[in-house]
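**Q**
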Amino acid sequence: MKQFGGSAVFLDRSDINTDEIIPAKYLTENSKMALKPYILEDLKLTGFEPSSSELKNAGALVTRANFGCGSSREHAVWVFEVNDINVVIGESFARIFRQNMFNCGMLAIALGKEDIDRLFQLGSGTEIAVDMEKSIVIAKGGGKEEQIPFVLNSFDRELVRAGGWLQYADKNY
């Protein structure tokens, strides 16, 4: 099974929209890979630099509430995919962004505010791994380890296990 997680990037703000994830001017690109250098380039957030090595080496993103709001565009998920970020953990997600994550075989994990606060307290250098079978996020950083359970409905779990909607449909229809 695919491994989910890696070095974590923390975006400490709610309501990060799809225009901040991938600016609209790049939506005419004709391949997913063409989106890669533009990830989060318009995000204005104190302490965050989109060209940082921290983002380039990340496998997981931790954020706050209502992540992926705004326009309904699959590109917002693709830009994470081509940058090898296959799990986004937040307090909540915009409905379409969340479903696009599962449709692309990636994880959008919603946790309570207290759990997200604990992840943020681990800080820079945190490594995150997701155990899909046990439904647990394991985060190690700052000399501490957090194991936080999450809930995922059975259909979304099957989409992720299959590698996304197309692979799921090929297998089941």
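Mapping of the sequence shown onto my numbering: residues 4 to 176, in sequence order. All C-beta atoms, glycine included, are put in the ideal place defined by N, C-alpha and C. Nothing here was measured: the structure is a model prediction, and the numbers come from that model.
Nearest to M36 by alpha carbon, out of L122, I25, E57?
**A** Among L122, I25, E57, the Cα nearest to that of M36 is on I25.
**Q** For the alpha helix (DSSP H) holding F105, just list the boundary residues, first then last.
**A** Counting along the chain, the alpha helix (DSSP H) containing F105 begins and ends at 98–106.
**Q** Suppose the cutoff is 8 Å on Cβ atoms and the five residues either side in sequence are ignored; what does the same chain contact list for E57 look like?
**A** Closer than 8 Å at Cβ, skipping near neighbours: S10, V12, S127.
**Q** Looking at C-alpha atoms only, which residue of E77, A63, V91 is the closest neighbour of L38?
**A** Taking only the C-alpha atoms, the option nearest L38 is E77.
**Q** Tell me, which residues are paired with F83 by DSSP?
**A** Answer is none; F83 lacks a bridge partner.
**Q** Kindly indicate which residue of L110, N33, I119 has the alpha-carbon position closest to the one of D15.
**A** The option with the nearest alpha carbon to D15 is I119.
**Q** Three or more C-beta pairs closer than 8 Å, one from the stretch 44–60 and one from the stretch 95–109: is that the case here?
**A** The answer is no - the stretch 95–109 does not touch the stretch 44–60, with fewer than three Cβ pairs under 8 Å.
**Q** Can you find at least 3 beta carbon pairs, one from the stretch 107–119 and one from the stretch 149–167, that sit closer than 8 Å?
**A** Result yes; three or more Cβ-Cβ pairs closer than 8 Å.
**Q** Helix, strand or coil for N175 per DSSP?
**A** Here N175 sits in helix by DSSP.
**Q** What are the uninterrupted segments assigned as beta strand (DSSP E) that are 3 or more residues long and contained completely in the stretch 39–95, given in chain order?
**A** 61–65, 90–93, all fully within the stretch 39–95.
**Q** Excluding the 5 residues preceding and the 5 following V65 in the sequence, name in chain order all residues of the same chain whose CB lies nearer than 6 Å to its CB.
**A** Closer than 6 Å at the Cβ level, and outside the excluded window around V65, lie A11, F13, I92, L122.
**Q** Rounded to the nearest angstrom, what separates L30 and R67 at their Cα positions?
**A** About 25 Å.
**Q** Could you give the C-beta distance for S75 and D22, rounded to a whole number, given that I count them as a contact under 8 Å?
**A** At roughly 12 Å, the Cβ-Cβ gap does not stay under 8 Å, so S75 and D22 are not in contact.
**Q** If I measure Cβ to Cβ from F51 and keep anything under 7 Å in the same chain, skipping five residues before and after, which residues do I get?
**A** Result list for F51: L14, in chain order.
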